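One structure below.
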Amino acid sequence: MIETTRLSKTFHVHKKAPGLMASVRGLFRRERIAKHAVREVSFRIEEGEIVGLVGANGAGKTTLVKMLAGIIHPTAGEARVLGHVPWERDDRLRRRLALIMGQKAQLWWDLPAADGFLLLKEIYRIPEEEYRKTLSYLASVLEIGKELHVQVRRLSLGERMKMELIAALLHGPRVVFLDEPTIGLDLSAQRAIRDFILAYREEHAPAMILTSHYMEDIQRLCKRIMILRDGALVYDGSLAQVAERYADHKVITAHLRRDAGGGPPPALRSMGPEGPMGGVAGGEIVEQDATVLKVRVPRGETAAAAARILQLYPVADLAIEEPDIGTIIERILREKGEVMG
Amino acid sequence: MSPRLFFRVMGLEARAHMSYRADFWTQAVVGFLGHFALAWFLWKAMFRESGREAIGGYDFPGMMVYYVTVLLLGKLVAGREYEAGVSGEIYQGTLTRYLLFPGRYLPFKYAQHLGSMAPSAVQVLLFAVVAALFTGLVPGPLEIARGALALLVGNLLHFLLSYCIQLVAFWADNVWSLEVGKRFIMTLLGGFTVPLAVFPAGMKPWLEALPFRFFYDFPVRATLGRMGAAEWALGIAVAALWCVALWLLGRWIWWRGQLRYTGVGI
């Protein structure tokens with residue numbers, strides 16, 4: 035459905051030094067610098083997949099999405115979306131593609147969303163019956179039916195985002211690019227949008243690329259992620275594998291029963307062989323007080339460490355957790371070199 | 035773009051622009067009455083000081099009729115310069131949605147441009163009725179038909195010229211100065227500031243060759259019955275040629291420019 039081969043984009047921007055004299059000089063001569071936004075990115079996405087595109091600000095996520103949606107032209111490389119070269123903007127492709135870019139409005143602000151939807155019906159030549167059915171379905175799932183006849187500019191941020199989603203999906207696209215769909219929304223609106231995207235995927239099975247800075251978006255919606263670092267694809271694989279491959283440790287949290295004296299068990303203060311990490315190579319205590327012991331242990335030593343804690347301490351509850359996915363991705367983004375999945 | 039979609043876009047834009055009541059009346063009063071009062075006092079003084087009965091073939095009442103017609107028809111040629119939105123769309127990245135829509139950008143913008151003129155059309159109708167009641171001058175059906183076609187061609191030509199200028203936004207960070215230059219030239223050489231008949235005879239071939247006269251002078255004289263059938267037909271043909279030339283130029287600028295479009299931010 036979506037396929038790219040060594041896709042690259044370099045922007046040339048004018049460098050502007052600070053100060054008045056630099057501005058005067060800039061009237062006569064300007065220095066151009068090349069910014070490599072996307073570097074030789076290759077991947078393939080199939081029908082029904084939601085792929086999370088992750089990276090720091092300026093990593094090239096939005097540029098990549100814009101190229102795939104046909105908005106900007108690449109500097110080098112190839113891409114095919116539903117068999118078409120996206121930047122040739124063939125109408126057959128544009129009728130089956132949608133791009134949702136955060137709060138950048140596709141709708142007409144001075145008019146109710148319902149009017150904008152009617153226009154989109156004409157633009158995409160959606161048959162009357164199908165239009166009514168789809169609009170009714172989308173409006174009910176997003177619980178936005180009452181606001182359809184309110185001027186778009188008078189809607190709340192969350193309501194506007196829902197209207198944007200309807201506008202983008204009315205024509206039943208086979209490929210959907212979601213660029214920061216939950217940015218700026220409150221928690222309940224974020225949840226509603228995520229639930230909706232999942233429901234839409236279940237029903238229509240389009241290929242989706244999602245970019246988001248909210249790890250919860252990625253975790254809830256994507257089984258596969260691609261990590262971009264300085265424009266290059268440094269990881270492409272399953273989300274679950276990221277933790278397995280790149281998090282070399284797990285965190286064990288033990289909630290302890292207080293002893294009669296109320297103080298922490300004496301051995302807890304020790305890092306020696308008699309302490310909780312005794313015999314566990316590479317383990318470390320992250321947090322400890324009278325009732326909580328948190329240790330970080332190598333992935334392969336998890337069972338041994340848990341057993342030792344249970345043996346040594348009066349444990350009321352014990353939890354073994356993967357480290358936070360955001361932290362792992364942050365680590366990958368900081369690292370140098372290839373980490374392809 | 036299908037005619038159905040074209041009219042739907044036009045209708046939607048008309049609705050959006052008709053929703054501003056205060057703006058409608060401010061435009062009507064300032065745009066029409068203010069301009070007319072200025073022309074009245076200026077030409078009254080010029081006729082008095084020069085002591086002439088006619089200037090450029092127009093006596094004072096004729097000059098005022100010319101101005102009323104220029105003010106009315108001028109609104110239907112340039113409208114509210116909606117095409118100015120093109121550069122804004124390039125700068126702000128809202129051009130993106132049009133690149134995603136199946137269909138071409140230019141017809142879409144022209145439909146929006148025509149729709150945005152709905153308030154102007156209502157104002158023109160309103161003032162035309164008032165002007166006809168005051169002066170008793172009502173053009174015949176032939177003049178109205180010729181004027182309407184001249185107006186349509188003038189409108190398209192003006193849109194295409196502005197469109198080409200606006201597309202420069204793909205390269206330049208600001209096209210405002212180009213717009214100001216265009217406005218100055220078209221009001222001076224188009225017959226808005228003074229009728230073209232007032233210009234020296236030596237300038238006539240230049241004024242006729244340039245596209246600007248089709249914005250004001252040509253549709254006004256066609257509506258007032260101040261030109262013969264041959265002159266009108268030749269004018270329409272020249273204006274159509276200008277439209278084709280600007281359309282081709284616009285296509286070329288668009289093709290080159292969209293290669294540079296970033297959709298805001300990189």
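First to last, the sequence lines map onto chains C and A. So the first sequence is residues 35 to 375, counted in the numbering used here. So the second sequence is residues 35 to 300, counted in the numbering used here. Here a beta-carbon is modelled for each residue, glycine too, at the ideal position from N, C-alpha and C. All figures in this text were calculated on a predicted structure; none of them were measured in a lab.
Mapping DSSP to helix, strand and coil, what is residue i?
i	result
SER304(C)	Here the model assigns SER304(C) a pLDDT of 48, short of 50, so the residue's position is not dependable and the matter cannot be decided.
GLU83(C)	coil
VAL349(C)	strand
GLU177(A)	helix
ARG128(C)	helix
GLU123(A)	helix
GLU112(C)	strand
SER174(C)	helix
THR325(C)	coil
MET135(C)	strand
THR296(A)	coil
LYS43(C)	strand
VAL254(A)	helix
PRO234(A)	coil
THR96(C)	helix
LYS50(C)	coil
GLY89(C)	strand
GLU74(C)	strand
VAL172(A)	coil
HIS51(A)	helix
ALA88(A)	strand
PHE323(A)	Here chain A comprises residues numbered 35 to 300, so residue 323(A) is not present and cannot be evaluated.
ILE354(C)	strand
THR38(C)	strand
ASP93(A)	strand
Measuring alpha carbon to alpha carbon, tell me which of the options ends up nearest residue i.
i	options	result
ILE157(C)	ALA56(A), GLY137(A), PRO141(A), VAL163(A)	GLY137(A)
MET35(A)	HIS70(C), PRO207(C), LEU153(C)	LEU153(C)
GLY122(A)	LYS143(A), ASP93(A), LEU148(A), GLY68(A)	LYS143(A)
LEU171(A)	GLY68(A), ALA184(A), PHE41(A), THR257(A)	THR257(A)
THR296(A)	LYS100(C), ALA277(C), SER76(C)	LYS100(C)
LEU232(C)	ILE84(C), ILE67(C), LYS43(C)	ILE84(C)
GLU250(C)	PRO332(C), THR361(C), VAL210(C)	THR361(C)
THR169(A)	ASP251(A), ARG290(A), ALA50(A), MET97(A)	MET97(A)
THR287(C)	ILE343(C), ARG365(C), PHE230(C)	ILE343(C)
THR103(A)	ARG42(A), ALA50(A), GLY181(A), ALA48(A)	GLY181(A)
LEU183(A)	GLU47(A), VAL43(A), ALA274(A), PHE75(A)	ALA274(A)
ARG49(A)	ASP251(A), ALA145(A), GLY127(A)	ALA145(A)
Do we get a CB-CB distance below 8 Å when we pair residue i with the residues of chain C?
i	result
LEU201(A)	no
GLY297(A)	yes
LEU293(A)	yes
ALA50(A)	yes
GLY55(A)	Note on residue identity: the sequence assigns Arg, not Gly, to residue 55(A). Not one chain C Cβ lies under 8 Å of ARG55(A).
ARG247(A)	no
ARG38(A)	yes
VAL43(A)	yes
LEU46(A)	yes
So with Cβ pairs under 8 Å, would you call residue i a contact of chain A?
i	result
ILE379(C)	Here chain C covers residues 35 to 375 and nothing more, so residue 379(C) does not appear.
GLN140(C)	yes
ASP149(C)	yes
LYS49(C)	no
PHE62(C)	no
LEU267(C)	no
ASP264(C)	no
ARG123(C)	yes
LEU199(C)	no
ASP229(C)	no
GLU144(C)	Here the sequence assigns Asp to residue 144(C), which means Glu is not the residue at that position. By this cut-off, ASP144(C) is an interface position.
_Interface residues of the segment 113-142 of chain A facing chain C [CB-CB below 8 Å]_ = GLY127, THR128, THR130, ARG131, LEU133, LEU134, PHE135, PRO136, GLY137
*List in chain order: all unbroken alpha helix (DSSP H) runs of 4+ residues lying wholly within the segment 219-299 of chain C.*
221-238, 249-255, 273-280
*Could you run through the segment 78-111 of chain C and flag, in chain order, every residue whose CB is less than 9 Å away from some CB of chain A?*
GLY92, GLY94, THR96, THR97, LYS100, ALA103, GLY104, ILE105, ILE106, HIS107
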